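Below you'll find the structure, written out as structure tokens, and then a few comments.
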Amino acid sequence: MDRNDVIHILNGCGLFPENGIHVLVERSLVTIDDKSKLGMHDLLRDMGREVIRSKSPMELEERSRLWFHEDVLDVLSKETILNGFVGMDFLLPSYHQAFIKEV
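Rendered as structure tokens:
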């Protein structure tokens with residue numbers, strides 16, 4: 021993601037992104053390339069995801085985020101209500117079944 025986009029988003033949240041990004045770069049937790057793109061090592065990203073997942077390993081409705089396609093499929097197939105849910109990020113393998121809820 022572009023550094024300026026990240027700063028704009030975090031400013032909207034009342035955070036101080038310039039300082040935060042600087043500290044993360046100093047600690048080698050993120051990088052900024054010559055095109056101003058922020059990057060993070062896959063292992064660090066996965067570790068953060070696992071921290072969120074481990075807070076409620078069996079109760080999907082208690083999680084704030086879903087990344088693993090098995091969890092997403094479980095929630096969609098059971099129409100689980102997610103309290104305090106923020107978002108999900110996933111690429112589904114080629115599944116043939118669609119999940120559509122009629123209103």
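So the sequence shown is numbered by the numbering used here: it starts at 21 and just counts up by one. We put the CB at the ideal spot given by N, CA and C, even for glycine. Keep in mind that this is a model prediction, so the values were computed, not measured.
Buried or exposed by the 16-neighbour rule on C-beta atoms within 10 Å, applied to residue i
i     : result
ARG83 : buried
VAL95 : buried
Cut-off 6 Å between Cβ atoms - residues of its own chain near residue i, not counting five sequence neighbours on either side
i     : result
PHE36 : none
LEU30 : PRO37
LYS75 : none
Spatial distance of residue i from residue j (CA atoms)
i      : j     : result
ILE80  : GLY32 : Inspection of the sequence shows that residue 80 is occupied by Leu rather than by Ile. Each residue's Cα considered, the two are about 28 Å apart.
ASP62  : ILE52 : 15 Å
ASP85  : VAL45 : The sequence given here places Arg at residue 85; Asp does not occur at that position. The straight-line gap from Cα to Cα measures roughly 25 Å.
ILE27  : LEU93 : 33 Å
HIS42  : SER97 : 42 Å
ASP66  : SER48 : 16 Å
ARG23  : MET60 : 12 Å
GLY40  : LYS55 : 19 Å
PRO77  : HIS89 : 14 Å
GLY34  : ASP25 : 15 Å
ILE120 : LEU64 : At ILE120, the pLDDT of 48 sits below 50, so the modelled position is not reliable; the number obtained from the coordinates is stated separately. Whole-angstrom Cα-Cα distance: 34 Å.
VAL50  : ASP91 : 27 Å
Sequence-distant residues of its chain with Cβ nearer than 7 Å to residue i (five each side left out)
i     : result
ILE72 : ARG83, SER84 and ARG85
Bridge-paired residues (DSSP) for residue i
i     : result
GLY59 : THR51
ASP22 : LYS57
Contacts around residue i, its chain only, beta-carbon distance under 8 Å, and the 5 residues preceding and following it disregarded
i     : result
LYS57 : MET21, ASP22 and ARG23
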